[in-house]
Amino acid sequence: MSQRPPVNVLGMGWALPETVIDNKFLHEEVGLKKGPDWCLSRLGIHERRSVLSREYIKSTKNRDFLAAITHAKSRGETPVTLAVRAAQQALARTGVKPSQIGLVLCNSDIPFDPVPSCANYVAKALGVGSGPHADLNTACSSFARHMKHLSDLRDDAWPEFALTIQTACYTTRTDYSEGSIDGYIWGDGAAAQLCSMKHPGRLKIEPMVFESASEGATDVLVDGTKHFWQDGAKVREFSIRKTVETFEAVAAAKKLYADEVYTVTHQANKVMMDSIIGHLGLPEERHIHNVETQGNIAAGGMPSAVAQRLDTLHKGDKIVYAVLGAGLAWGGGLMEVQ
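Below, the structure is given as structure tokens:
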């Protein structure tokens, strides 16, 4: 496990689209057959958000993802607009101006526009000047990858402030036909973090783990022609195992005990998270989560959960984080409230 310089996070933000999709709507109006009881018992998700309208999902079952992208754009809700809103919230919490930002990193798992990068779209929308802005994407583990990238930068490569963003609109690539399981899982959303090495922040983040297993490259797919697909059972087993291993590795390296820390994982589903904290004997009241009301918003899930909880935490509180995404890629480390 590598030890890297910590990254200071001065402000965090998040954004969700307008449309609320609850289990009753998916079952009674869209026609998904598994039903609300199945969803609650197997996923623990009550509702999620989408850049698509309820009428669009109901009438089309999202058979054509290109039409879904066009529909979302017509409503003014895209991975970029969500990213911009999340970034604006992070900036508003700090007083830092866009002109002071020298680097924008964004993941955008399934961009509506392949070129230019989401990072450059966001930089333009915010009024950020020139810089080495780029997309850096490892799907749901992108937050961990972004923190590692920042920590790896040479001192002379660091701007005064950097902005990292995780954004995705998976509902545009979700199958809503009657036998769908993915329709119960996915939501859309974004998270953003204003970071610095030169200024203290609200959180100090030490990225300690990031790896990928290329043999799992085809276990989670969103290709150019089809809906989202994954080998659900295999990915679930891998996710639980790697999350447990990451928690254990960080705790051992930092000599931490379960009752002394908060924990947060990739917000895949509540039942999976309960399995992880049960396996490790972690206190449920100290596990940070929001998947019940947001669904799985991919890379934005974990950092948005921390952002939504941060004001209730106190100086010195520690959070062990672990995330996993397509690749298969996973990462984690330690956050400490300042």
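Each residue of the sequence shown is one higher than the last, beginning at 205 in our numbering. Glycine included, each C-beta is placed from N, C-alpha and C at the ideal position. Quantities reported herein were computed from a predicted structural model and do not represent experimental measurements.
Rounded distance between the beta-carbons of residue j and residue i, thought under 8 Å
i       : j       : result
Ala-327 : Val-308 : 5 Å
Lys-173 : Glu-464 : Look at the range of the chain in this structure, 205 to 542, and you will see that residue 173 is not part of it.
Pro-336 : Asn-212 : 19 Å between Cβ atoms; not a contact.
Lys-352 : Glu-540 : Actually they do not touch by this definition, with Cβ atoms about 17 Å apart.
Assigned secondary structure, residue i (DSSP; H/G/I helix, E/B strand, else coil)
i       : result
Asn-266 : coil
Ser-345 : helix
His-231 : helix
Tyr-380 : coil
Ala-417 : coil
Tyr-461 : coil
Val-255 : coil
Phe-316 : coil
Gln-542 : coil
Val-300 : coil
Gln-512 : helix
Gly-239 : helix
Asn-494 : coil
Ile-385 : coil
Leu-528 : strand
Ala-472 : coil
Lys-438 : helix
Lys-446 : helix
Residues that DSSP places opposite residue i in a beta bridge
i       : result
Asp-339 : Cys-310
Trp-218 : Ala-395
Asn-604 : No answer is possible for residue 604: the residues shown for the chain start at 205 and end at 542.
Thr-223 : Ser-254
His-353 : Answer by DSSP bridge pairing: none, since His-353 is not bridged.
Leu-425 : Trp-433
Residue i and residue j closer than 8 Å at C-beta
i       : j       : result
Pro-411 : Gly-535 : yes
Ala-343 : Ala-502 : yes
Phe-347 : Ser-400 : no
Thr-223 : Ser-257 : yes
Arg-490 : Tyr-461 : no
Ala-290 : Cys-310 : no
Gln-542 : Gly-505 : no
His-493 : Ala-511 : no
Lys-262 : Ser-381 : no
Val-255 : Thr-298 : no
Gly-248 : Glu-488 : no
Leu-236 : Gly-387 : yes
Leu-514 : Met-216 : yes
Minimum Cβ-Cβ distance from residue i to chain D less than 8 Å
i       : result
Ser-312 : In the structure shown, chain D does not exist; there is a single protein chain.
### Message
Quick check: the segment 512-526 against the segment 258-276, are at least 3 beta-carbon pairs closer than 8 Å?
### Response
Fewer than three Cβ pairs drawn from the segment 258-276 and the segment 512-526 lie within less than 8 Å of each other, which leaves the two stretches out of contact.
### Query
Is the number of C-beta pairs between the segment 437-452 and the segment 385-398 that are closer than 8 Å three or more?
Verdict: no, contact absent.
#### Entry: Validate contact between the segment 454-474 and the segment 417-430 using beta carbons, cut 8 Å, 3 pairs
These segments do not touch.
### At least 3 beta-carbon pairs within less than 8 Å: the segment 300-314 vs the segment 226-235
As far as the Cβ criterion goes, the segment 300-314 does not touch the segment 226-235, which means the pair count is below three.
### Task
Specify whether the segment 310-320 and the segment 370-383 touch according to this definition: at least 3 beta carbon pairs, one from each stretch, less than 8 Å apart.
Three or more beta-carbon pairs drawn from the segment 310-320 and the segment 370-383 are found closer than 8 Å, and the two stretches are therefore classed as touching.
### Message
Below 8 Å, how does it come out for the segment 432-444 and the segment 474-491: are there three or more Cβ pairs, yes or no?
### Response
Counting Cβ pairs under 8 Å, three or more are found: they touch.
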